[in-house]
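Peer 1: Heads up: the sequence shown at position 25 corresponds to 25 in this note's numbering, and the numbers run straight through without jumps.
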Amino acid sequence: MKVGPAKKIIIVKEYNLDIGTVQVFKNHMVAIFDEGATLTLERAYQIIGISEIHFRDINFGIISLRKNSYAVDPTIYSYLRELKNLKAFAIVSVKEVDMHNFKIEKLFYKKPMKFYIDYNNALAWVQRRVRKK
1 MKVGPAKKII IVKEYNLDIG TVQVFKNHMV AIFDEGATLT LERAYQIIGI SEIHFRDINF
61 GIISLRKNSY AVDPTIYSYL RELKNLKAFA IVSVKEVDMH NFKIEKLFYK KPMKFYIDYN
121 NALAWVQRRV RKK
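(1) Look at the alpha carbon of Asn85 and the alpha carbon of Tyr79, and state the distance between them as a whole number of angstroms.
(2) Among the candidates Val22, Ile117, Asn101, Pro112, whose CA atom is the shortest distance from the CA of Arg129?
(3) Taking 8 Å as the cut-off, decide whether the C-beta atoms of Tyr70 and Leu107 are in contact.
(4) Helix or strand or just coil, what does DSSP make of Glu35?
(5) Per DSSP, what kind of secondary structure is Glu14 in: helix, strand or coil?
(6) Taking the C-alpha atoms as reference points, what is the distance between Ala88 and His100?
(7) Taking DSSP's pairing of strands, which residues face Ile62 in a bridge?
(8) Between the alpha carbons of Val3 and Val92, how many angstroms are there, rounded?
(9) Give every residue of the same chain whose Cβ lies closer than 8 Å to the Cβ of Gln127, excluding the five residues on either side of it in the sequence, and list them in chain order.
(10) Measure the C-alpha to C-alpha separation of His54 and Val24 and round it to an integer number of angstroms.
(11) Once DSSP output is grouped into helix, strand and coil, what is the label at Tyr116?
(12) Using 8 Å as the threshold, is the C-beta distance between Ile19 and Leu41 below it?
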């Protein structure tokens, strides 16, 4: 049994976009978008670009931390689906509307995607999916 402080996860890079923040870690990204923002295809390309800079040849996951309410164009998922090394997509929220939206978004994404109310559970799932070959 390990005793001592938990391993601290280090942010590799943080991007402040016009619609929110994207934090890049060793093998995943966390997106936190602003209240009232709209995630369009053009803005999704920014996130795809960030993933290509940091995860060009390695598996990674994305966590959408939904602290705020914002709109998502569901067609972006067909482009995210094309990222072969994107192995996990998790949405974290305690809002019921986000849970309902997740069911719709999942229909467009068609790859491993889960909804969590706890960030640590989402992170553990993303880490497991990314480690699988």
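Quick reminder that beta carbons are idealized off the backbone N, C-alpha and C, glycines included.
Peer 2: Looking at the atomic coordinates:
(1) 13 Å
(2) Pro112
(3) no
(4) coil
(5) Strand at Glu14.
(6) 19 Å
(7) Met29, Phe89
(8) Because Val3 sits at a pLDDT of 47, beneath the cut-off of 50, its placement in the model cannot be relied upon, and the point is left open.
(9) Asn27, His28, Gly61
(10) 8 Å
(11) strand
(12) no
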